[in-house]
Structure formats: C-alpha cells, structure tokens
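Heads up: the structure comes next, in structure tokens.
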Amino acid sequence: MSITIRALLLTCGLMGVVVTAQAKDNGADMTFHGTLITPPPCTINDDNRIEVNFGERVGINKVDGVNYRQMMNYQITCLEAATGNGALTLSLSGSVAGFDSEALLTDKANLGIRVYQNDQPFTPNSTLKIDLANPPRLEAVPVKNARATLTEGAFESWATLRADYQ
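Residue numbers (mature numbering (1 follows the signal peptide of the UniProt record, and there is no 0)): -23 to -1, 1 to 143.
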C-alpha cells in the first residue's frame, strides 16, 4: 500500500511540475521601453512684456466690460517645434478680482481686467490647449464691480502668460 501511495504522490508531483511549466509556456513576456525627452522651450514676445494701454481717458461711467476692449499683441516662439507628440498649452496666471472670478485684480478698488481668448473668457489661473500655428486671439477689457462706483486715477494689473508643451 505504501508503494501505491508513493507512486501516486510521485505522479501528482510530476503533474504539478508539468502544469506549472505549461502555465509559464502559455504566458507572454513583456518588455517596456521608451525615450525621455525635454519639451522644446517656448517664449512669448521674445521674453518682453506684453503692454496693454487703455489710454488716459477711460471714463469711470463707461467701464462696462465692453468699452475700451484692446487687442493683446503677442507672439509665441518654440524652439525645435514638437512633432505632435505633446500638446501646447497657454496659461494665464494672476490675482483674481474679488468681485469677478473671470477678471484680474488691479491696484484700483472695484476695477478688474478681463482677458478673452477668441471671444471666450480666459479665466485667471487657467490653462488651455492651443495650436502654435493658430494661437488664440487675446483681448483685454476693463470691468467694474456692479455694486460700486469707480474713482478717478491711474490703474495697473499684472499677470503672466506662459506657453508650455505638456
């Protein structure tokens, strides 16, 4: 009887080895590979400031988010333009006006600057995908807090426009 049990155990053990070997043979080996690259650097206006001048005669009663709208002239240059492997993004960073989440803060109380990209609000601290061959048209317009009265005086606002490959 012990010979039969040993033969049975030996047979089961060998079958386990065969089953294990078959499972490995039916599997697929995998290899992962790639190449890391640094995206090409991009500059806007050759690293010069984009100036938007609304002029010396912005009427405090005429600021309505439509009047005084100005085109923002800018140019994006990316060295060694990517071959379609990465999306180019444009981001607008700056402090947000407390009365309008789509406007940049200015140093003048109750006044903000809203930026538009192709007639759509370009919300501060947001990013959008763009085509380098056809960058969006950017415009800026002063807006005011509807529950406040503006006072006379000069104003400024600061923001950063950045282009990056993702």
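From the three backbone atoms N, C-alpha and C, an ideal C-beta is built for every residue, glycine too.
- The beta carbon of residue 18 is closer than 6 angstroms to those of 56 in its chain, skipping five residues each way along the sequence.
- For residue 82, the closest of 24, 122, 49 by C-alpha to C-alpha distance is 122.
- Inter-residue distance for residue 129 and residue 37 is about 7 angstroms (C-alpha atoms, whole angstroms).
- Three or more Cβ pairs closer than 8 angstroms define a contact, and the stretch 44 to 53 meets that threshold against the stretch 26 to 33.
- It is roughly 39 angstroms from the alpha-carbon of residue 100 to the alpha-carbon of residue 10.
- The stretch 50 to 135 contains, as complete beta strand (DSSP E) runs of 3+ residues, the segments 53 to 55, 65 to 70, 77 to 82, 88 to 94, 103 to 107, 115 to 121 (chain order).
- Look at residue 41 here: in three-state DSSP terms it is coil, with no helix or strand label.
- Per DSSP, the continuous beta strand (DSSP E) segment holding residue 137 begins and ends at 137 to 142.
- Distance between residue 126 and residue 85, taken at the CA atoms: about 11 angstroms.
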